[in-house]
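In this note's numbering, the protein residues as written are 130 to 286.
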């Protein structure tokens, strides 16, 4: 098969690889978030029982762990990334379905070009969405590092 005739198969393989990549990332982000939430809940329960049993140090440590978990859920990107990864996967899955069912698995050159344009437009659009998510993510630790001495532009010339 010539290179032009192989383009539909290459396109489908690329879309399916991207779907798998975003599905794995979604699973990882979801698992990390759930681990933090469950560990926090367990530490809260242990803290409650330790406090009731008069073990104030253990209760304090476990209570502090729930606070750390709360800060992590606000700081780590896994919380927001879950939705973004799922949305990206769904968009790609829509293209795959369109490729297979609307175009019969082997789209004409114009249809393949249209699908390629959709894919090309999706990547920067989702990249902008991710930037927007990161810029609006509140909470967490916003640590400012000390400023270094500013070098004047004259010294650089």
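Glycine is no exception: its CB is placed at the ideal position from the N, C-alpha and C atoms.
Check: So, with DSSP's three-state summary, where would you put residue 182?; Outcome: coil
Check: Just curious, the alpha helix (DSSP H) that residue 208 is in, first and last residue?; Outcome: 207-226
Check: Measure the alpha-carbon distance for residue 142 versus residue 234 and round it to whole angstroms.; Outcome: 12 Å
Check: Quick one, are the C-beta atoms of residue 165 and residue 194 less than 7 Å apart?; Outcome: no
Check: Taking just the CA atoms, how far does residue 149 sit from residue 199?; Outcome: 30 Å
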